[in-house]
Amino acid sequence: MAERIIEYREALNEALLEEMERDLAVFIMGEDVGQYGGVLKISKGIYERFGEKRAVDTPISENGFTAIGVGAALAGLRPVVELMYIDFACLAMDPIVNQAAKARYMFGGKTSVPIVFRTQGGGGRGNAAQHSQSLEAWYVHVPGLIVIQPSTPRDAKGLLKSAIRDDNPVIFIEHKLLYNTKGAVPEGEWTIPIGKADVKRVGNHITVVATSRMVLLALSAAEKLAEEGIEVEVVDPRTLKPLDIETIATSVKKTHRLLVVNEGARTGGFAAEVVTRAYEEVFDYLDAPIVRLTSEDVPLPYSGALEMAAIPSEEKIIQAVRGFFS
Amino acid sequence: MIAHDDTQIEMYRKMLLIRVFEEQARDFFMKNVMRGSTHMYIGQEAIAVGVCAALEQNDYITSTHRGHGHLLAKGGNPDLMMAELLGKANGYCKGKGGSMHIADLSIGNLGANGIVGGGIGLATGAAFACYYRDDGRVAVSFFGDGAINQGVFYECANMAALWKLPVIYVCERNRFAEFSYTDRYFADSDLTKRAIPFGFPAVAIDGNDVLKVYETAAEAVKRARIGQGPTLIVANTYRIMGHTIGDPLNYRIKGEVETWQTEERDPILRFEKHLIQQEIASIEQLQQIKADVHQRIEHAAQFALNSPEPPPSALWEDIYA
Chain A
142 MAERIIEYRE ALNEALLEEM ERDLAVFIMG EDVGQYGGVL KISKGIYERF GEKRAVDTPI
202 SENGFTAIGV GAALAGLRPV VELMYIDFAC LAMDPIVNQA AKARYMFGGK TSVPIVFRTQ
262 GGGGRGNAAQ HSQSLEAWYV HVPGLIVIQP STPRDAKGLL KSAIRDDNPV IFIEHKLLYN
322 TKGAVPEGEW TIPIGKADVK RVGNHITVVA TSRMVLLALS AAEKLAEEGI EVEVVDPRTL
382 KPLDIETIAT SVKKTHRLLV VNEGARTGGF AAEVVTRAYE EVFDYLDAPI VRLTSEDVPL
442 PYSGALEMAA IPSEEKIIQA VRGFFS
Chain B
104 MIAHDDTQIE MYRKMLLIRV FEEQARDFFM KNVMRGSTHM YIGQEAIAVG VCAALEQNDY
164 ITSTHRGHGH LLAKGGNPDL MMAELLGKAN GYCKGKGGSM HIADLSIGNL GANGIVGGGI
224 GLATGAAFAC YYRDDGRVAV SFFGDGAINQ GVFYECANMA ALWKLPVIYV CERNRFAEFS
284 YTDRYFADSD LTKRAIPFGF PAVAIDGNDV LKVYETAAEA VKRARIGQGP TLIVANTYRI
344 MGHTIGDPLN YRIKGEVETW QTEERDPILR FEKHLIQQEI ASIEQLQQIK ADVHQRIEHA
404 AQFALNSPEP PPSALWEDIY A
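From first to last, the protein sequence lines are chains A and B.
Just so you know, we're using the numbering used here here: the first sequence kicks off at 142 and counts up by one.
Just so you know, we're using the numbering used here here: the second sequence kicks off at 104 and counts up by one.
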């Protein structure tokens, strides 16, 4: 299939346009997603093509419009609700966690809640403590939710299309420093299955499981480490819940070493979950204890110097990998 | 809109069905046949019945933790409900929801809700779906006077008014928020004012008068169906029982509940009087309905007791579609 090089934001935009074209039940809803085209331009052109009923500009009422989205999904529509920052989703925890995630189970399987909550997480741009969090672990903790974090334009498009077609509530977490990144994206009609990890780089010496923007840092770290003779295998889960532990286990059985890199705060974070699952699955294959590299347990600071100290970097990944071989 | 005679008799039957269902549920709870907690709709029957009489089967409702009455009024099956209350495999939700999450989506009931105010957004969303499809359906959100202090009501009321969504907000003012009189929590106790900022009609009515509830709901439903947007109905009533079964009720003024259980105020007794005085039904006819309702609930109770427990494998079913 022919490929083009496009931005992550364009890939997301294509996914929305294509799915809305394909299915009349799909609509987008959120703050400035319509007439303005989205604060991140993800919904550019949607209002013009589909009108205000399917590109719904909402007041700044996260709890209310998220709950409306969930109600619309219960009544048969397929909403894509944009929560501009994952931090703002804190205002909408009831409809996401108490309602959407549980309705199917509470009602004995008599309904499904086909809804996508699109949001952006992550730091590194000086947005400080209320616009930079990586809260994916919270949602991973909730049975009934699916959690996706795409790291490339290709994954962003293929997984957003799958998320919209899925009959379950999906938390789709983009990263603010990925929107301008570019990558190859196939033309035509295709999707990426939910729940499948992707080996982003093949290597024999150590497995690095990284999520979201950390995948890019791991890949660039791997190139530098290759110059030292360390071949890193980079595994991107892409879907955090359900986690494709098979692909991770297969990799670790080959490399015998595992570093987990996640941008969330350390304590109770997603990295802790991967570490535990890996110990359960591949303990006997390990040549060294598993290491996790995460953000520090601090609210993210505004200052560039402080923020860089708080979140993982290429250099920190290199140091952590070297630690396995010293 | 005046209800037809046979509609009125059906309303009576449904109110009684709710009352007797609740008495049976309470009995099960007291005997430890039921788990968790449960909330009685006794005394508020006229609201669910009057509103649902103004709806079509495919209209939506969202209910509350005090939700048995809403489902019965919408046409729920007492057997499946009682089995659900007992956590049985053939209950409405296969025993996974229980009293607080009982639902029947096939008749538009999007579920009871364990979160106070949790149904307000869902009903507004269902109304959004009706508007989106332009299918002429409406959604009703039942909630209490405790829930009207939740912020989600104001966020949703604003959007419902903005987009003229076909939603009816029915605030059942039963005087209590859990273990307190709600009056303690209203800066202004005129709840119809809660719709003023959004510019849609709000009306306070006697919620124990089923015909008044029906007429008011029918008017609101008519407005909603023709694209005139939401209505707030504040239905004044009284929570006869405690917040939950086992509530000591030591916060309640002594002797107050009895004033709501009279022929003039109890929604069922006063409607019975009306039906006889207006010669809509005879005493014998009402006796027959009572006997039928008791028999129906007895059947539901037996159905529930004889139903199987869910198998352990059910634990892992119905999490994902």
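Virtual Cβ for every residue (Gly too), placed ideally from N, Cα, C.
So who's on the other strand from residue i, going by DSSP bridges?
| i | result |
| --- | --- |
| B/A338 | B/E275, B/I308 |
| A/F168 | A/P220 |
| B/S244 | B/T165, B/Y272 |
| A/F258 | A/V222, A/I312 |
| A/G324 | A/I147 |
| A/A196 | A/I169 |
| B/D207 | B/N212 |
| B/I343 | Looking at the DSSP assignment, B/I343 forms no beta bridge with any residue, so it has no partner. |
| A/V288 | A/I312, A/K382 |
| B/A280 | B/S283 |
| A/A351 | A/V402 |
Cβ of residue i within 8 Å of Cβ of residue j?
| i | j | result |
| --- | --- | --- |
| A/R407 | A/S436 | yes |
| B/A151 | B/G172 | yes |
| B/F374 | B/V313 | yes |
| B/G310 | B/A176 | no |
| A/V340 | A/T388 | yes |
| B/G170 | B/E187 | no |
| A/K382 | A/V281 | yes |
| B/L189 | B/V136 | yes |
| A/H397 | A/D428 | yes |
| B/P413 | B/K197 | yes |
| B/V316 | B/I271 | no |
| B/E281 | B/G249 | yes |
| A/A304 | A/I335 | yes |
| A/L318 | A/R266 | yes |
| A/G263 | A/S253 | no |
| A/L357 | A/S292 | yes |
| B/I371 | B/M118 | yes |
| B/A327 | B/V241 | yes |
For a test of your reading of the model: does the CB of residue i fall under 7 Å from any non-hydrogen atom of the ligand HEM? Yes or no.
| i | result |
| --- | --- |
| B/A280 | Of ligands this structure carries none, so the ligand HEM is not represented either. |
Tell me the DSSP secondary structure of residue i in three-state form.
| i | result |
| --- | --- |
| B/Q390 | helix |
| B/R399 | helix |
| A/V373 | strand |
| A/D425 | helix |
| B/A215 | coil |
| B/V154 | helix |
| A/S436 | strand |
| B/D286 | helix |
| B/I251 | helix |
| A/D339 | strand |
| B/H142 | coil |
Got a sec, what are the start and stop residues for the beta strand (DSSP E) residue i sits in?
| i | result |
| --- | --- |
| A/V343 | Unbroken run through A/V343: none, as it is neither H nor E. |
| A/N556 | Nothing about residue 556 of chain A can be reported from this structure: the residues present for chain A run from 142 to 467 only. |
| A/K404 | The identity of residue 404 of chain A in the sequence shown is Glu, whereas the question assumes Lys. First-last of the beta strand (DSSP E) with A/E404: 399–406. |
| A/K382 | 380–382 |
| A/I458 | Not the beta strand (DSSP E): A/I458 falls in the alpha helix (DSSP H), residues 455–466. |
Show which residues of chain B have a CB atom less than 7 Å away from the CB atom of residue i.
| i | result |
| --- | --- |
| A/I500 | Coverage of chain A is limited to positions 142 through 467, which leaves residue 500 of chain A absent and any answer about it impossible. |
| A/R418 | Neighbours of A/R418 on chain B: none; closest Cβ ~18 Å, over 7 Å. |
| A/Q240 | G221, L225 |
| A/K194 | Y235 |
| A/F103 | Outside the displayed span of chain A (142 to 467) sits residue 103 of chain A, for which this structure offers no information. |
| A/P284 | I422 |
Could you spell out where the alpha helix (DSSP H) holding residue i opens and where it closes?
| i | result |
| --- | --- |
| A/I305 | 294–306 |
| B/D109 | 108–133 |
| A/T207 | 203–215 |
| A/I389 | 386–396 |
| A/V180 | Note, A/V180: premise wrong, no alpha helix (DSSP H); not H, not E. |
| B/R326 | 313–328 |
Output, in chain order, the set of chain B residues within a Cβ distance shorter than 9 Å of residue i.
| i | result |
| --- | --- |
| A/V211 | G224, L225, G228 |
| A/D235 | I218, G220, G221, G224, V255 |
In chain A, which residues lie with their C-beta within 7 Å of the C-beta of residue i?
| i | result |
| --- | --- |
| B/K199 | Y246, M247, G249 |
| B/E258 | S202, N204, G205 |
Which bits of chain B does residue i rub up against, with CB to CB less than 8 Å?
| i | result |
| --- | --- |
| A/T199 | M262 |
| A/F168 | Y235 |
So with CB distances below 8 Å, who are the chain A contacts of residue i?
| i | result |
| --- | --- |
| B/E382 | Within 8 Å Cβ-Cβ: nothing; B/E382 doesn't reach chain A, min ~42 Å. |
| B/H107 | Residues of chain A passing the Cβ test: none, with the nearest at roughly 30 Å. |
| B/E420 | G250 |
Along chain A, which residues have their Cβ under 9 Å away from the Cβ of residue i?
| i | result |
| --- | --- |
| B/A424 | R245, G250, T252, S253, V254, P255, D307, D308, N309 |
| B/C196 | Y246, M247, F248, G249, G250, K251 |
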